[in-house]
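Here the protein sequences line up with chains B and X, keeping their order.
Reminder that position 102 of the first sequence reads as 897 in our numbering, one-by-one numbering, no gaps.
Reminder that position 48 of the second sequence reads as 843 in our numbering, one-by-one numbering, no gaps.
Built from N, CA and C at the ideal position, the CB exists for glycine as well.
Reviewing the structure listed below.
There are 2 protein chains.
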Amino acid sequence: MGIQRYGMAVRLQDDKRQFYIDNHANPWPEVIQELKQIKVQNYSIFLKEDFMFGYLEYTGNDFNGDMAKMEEVPIIKQWTKLMIDCFNPFPNNKNNESWVMMDQIFFME
Amino acid sequence: MGIQRYGMAVRLQDDKRQFYIDNHANPWPEVIQELKQIKVQNYSIFLKEDFMFGYLEYTGNDFNGDMAKMEEVPIIKQWTKLMIDCFNPFPNNKNNESWVMMDQIFFME
Chain B
796 MGIQRYGMAV
806 RLQDDKRQFY
816 IDNHANPWPE
826 VIQELKQIKV
836 QNYSIFLKED
846 FMFGYLEYTG
856 NDFNGDMAKM
866 EEVPIIKQWT
876 KLMIDCFNPF
886 PNNKNNESWV
896 MMDQIFFME
Chain X
796 MGIQRYGMAV
806 RLQDDKRQFY
816 IDNHANPWPE
826 VIQELKQIKV
836 QNYSIFLKED
846 FMFGYLEYTG
856 NDFNGDMAKM
866 EEVPIIKQWT
876 KLMIDCFNPF
886 PNNKNNESWV
896 MMDQIFFME
């Protein structure tokens, strides 16, 4: 299926801002290893005000399945819980505790 | 300088939403040509609610200079004006009429 591109958005709590930034400057090696193993690549997170945008590329053939499987790995569960605790919901997405997926409306190779 | 990654954010006016989407599904070839010429690549735009997030990679050595030069090309000026007319400012960035640049806080190859 080639390279699939995903964009996602969430907000950051003010009092967890530095914790989140520090952890992403020095992420747990196990998290990086798992992401690479499920064929995630070229993954960036950007911050402006309290808004965050994530961009990643995936070269496998079942993104949701692979992500769900990865979330079962104990150390990933631990990392994810710590990070989700830093989030505020994206506007109009109060029921979503984590990243919301966005629609790709433009691509130039 | 290798690949430099840029993330940027803006909001979309409701009544210009479809116009913006349609134009980015079928962008003017001259715009794509100019972007490639200044060494922009792998450029995606994502939309969720009225928030847009742009991700692009640049392989030149003067991003701001190259962007400024590109904006002087008449057909680019024309395109940019049409697109800026679709925008609402990003929260807390009322003085910025177009995309605001974000800070990259995470990268995984």
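Indicate whether at least one CB of chain B lies closer than 8 Å to the CB of Phe882 of chain X.
Taking the first residue of the second sequence as 1, we reach residue 882 of chain X at position 87. Answer no: the Cβ-Cβ gap between Phe882 of chain X and chain B never drops below 8 Å.
Is there a Cβ from chain X that is less than 8 Å from the Cβ of Gly802 of chain B?
Translated into positions along the first sequence, residue 802 of chain B becomes position 7. By this cut-off, Gly802 of chain B is an interface position.
Alpha carbon of Val907 of chain X to alpha carbon of Leu877 of chain B, nearest angstrom
The structure shown does not extend to residue 907 of chain X, since chain X is modelled only from 796 to 904, so the question has no answer here.
Under the assumption that Ala804 of chain X contacts Phe846 of chain B (Cβ atoms under 8 Å), give the Cβ distance between them as a whole number of angstroms.
Along the second sequence, one-based indexing puts residue 804 of chain X at 9. Along the first sequence, one-based indexing puts residue 846 of chain B at 51. At roughly 6 Å, the Cβ-Cβ gap stays under 8 Å, so Ala804 of chain X and Phe846 of chain B are in contact.
Could you check where the beta strand (DSSP E) with Ile840 of chain X kicks off and where it finishes?
Here the question's residue 840 of chain X lines up with position 45 in the second sequence. Where Ile840 of chain X is concerned, the enclosing beta strand (DSSP E) stretches over 835-843.
Using the C-alpha atoms, what's the distance from Pro869 of chain X back to Glu829 of chain B?
The residue labelled residue 829 of chain B in the question sits at position 34 within the first sequence. The residue labelled residue 869 of chain X in the question sits at position 74 within the second sequence. C-alpha separation (whole angstroms): 47 Å.
Identify, in the order they occur along the chain, each residue of the same chain with its Cβ nearer than 7 Å to the Cβ of Ser893 of chain B, setting aside the five sequence neighbours on each side.
Your numbering for residue 893 of chain B matches position 98 in the first sequence. Counting only Cβ-Cβ distances below 7 Å, and skipping sequence neighbours, we find Val805, Ile879, Phe882.
With distances taken between CB atoms, is the gap from Arg758 of chain B to Phe901 of chain B smaller than 8 Å?
Within the shown structure, residues of chain B are numbered from 796 to 904, placing residue 758 of chain B beyond reach of any answer.
Whether Glu848 of chain X touches Phe858 of chain X by CB criterion (8 Å)
The residue labelled residue 848 of chain X in the question sits at position 53 within the second sequence. The residue labelled residue 858 of chain X in the question sits at position 63 within the second sequence. According to the sequence displayed, residue 848 of chain X carries Phe and not Glu. No, these two residues do not count as a Cβ contact at 8 Å.
List the residues of chain B whose Cβ lies closer than 7 Å to the Cβ of Asn887 of chain X, in chain order.
Translated into the one-based positions of the second sequence, residue 887 of chain X becomes position 92. The contacting residues are Glu844.
Local conformation of Met897 of chain X per DSSP, three classes:
To locate residue 897 of chain X, count along the second sequence from 1; it is residue 102. Secondary structure at Met897 of chain X: coil, using DSSP grouped into helix, strand and coil.
Determine the direct distance from the alpha carbon of Lys811 of chain X to that of Asp809 of chain B, and round the result to whole angstroms.
The count along the first sequence starts at 1 and reaches residue 809 of chain B at position 14. The count along the second sequence starts at 1 and reaches residue 811 of chain X at position 16. Asp809 of chain B and Lys811 of chain X: Cα-Cα distance of roughly 32 Å.
Measure the alpha-carbon distance for Asn890 of chain B versus Met896 of chain B and round it to whole angstroms.
To locate residue 890 of chain B, count along the first sequence from 1; it is residue 95. To locate residue 896 of chain B, count along the first sequence from 1; it is residue 101. Taking the straight line from one Cα to the other gives about 13 Å.
Could one say the Cβ of Glu904 of chain X lies closer than 8 Å to chain B's Cβ atoms, at least one of them?
Along the second sequence, read from residue 1 onward, the residue named residue 904 of chain X stands at position 109. Interface residue, yes.
Check Phe846 of chain B in the structure and name its three-state DSSP category.
Position 51 of the first sequence holds residue 846 of chain B. Phe846 of chain B: strand per DSSP, three-state reduction.
Residue interval of the alpha helix (DSSP H) (run including Met803 of chain B)
Reading the first sequence from its first residue, position 8 is the one you call residue 803 of chain B. Careful: Met803 of chain B lies outside any alpha helix (DSSP H), inside the beta strand (DSSP E) at 799-807.
Beta-carbon neighbours of Met897 of chain X, restricted to chain B and to distances below 7 Å
One-based indexing of the second sequence puts residue 897 of chain X at position 102. Residues of chain B passing the Cβ test: Phe841, Leu842, Lys843, Phe848.
With respect to the alpha helix (DSSP H) encompassing Met878 of chain B, which residues constitute its N-terminal and C-terminal limits?
Position 83 of the first sequence holds residue 878 of chain B. Met878 of chain B -> alpha helix (DSSP H) spans 869-879.
Hey, is Ile816 of chain X's beta-carbon within less than 8 Å of any beta-carbon in chain B?
Here residue 816 of chain X refers to the residue found at position 21 of the second sequence. Interface residue, yes.
Quick one: list the residues of chain B neighbouring Leu830 of chain X, beta-carbon separation under 9 Å, in chain order.
Stepping through the second sequence from its first residue, residue 830 of chain X is reached at position 35. Ordered by position in chain B, the residues that pass the 9 Å Cβ test against Leu830 of chain X are Met903.
Check whether chain X comes within 8 Å of Gln836 of chain B, counting only Cβ atoms and requiring the distance to be less than that.
Locating residue 836 of chain B in the first sequence gives position 41, counting from the first residue. True, the Cβ-Cβ gap to chain X drops below 8 Å.
Let's see if you can read the secondary structure: which residues bound the alpha helix (DSSP H) around Asn888 of chain B?
Counting from 1 along the first sequence, the entry for residue 888 of chain B is found at position 93. Counting along the chain, Asn888 of chain B falls outside any alpha helix (DSSP H), and DSSP gives it neither H nor E.
So is Glu827 of chain B in contact with chain X if we call contact Cβ pairs under 8 Å?
Along the first sequence, one-based indexing puts residue 827 of chain B at 32. The question names Glu, but residue 827 of chain B in the sequence shown is Ile. Chain X, which has a Cβ nearer than 8 Å to the Cβ of Ile827 of chain B, makes this yes.
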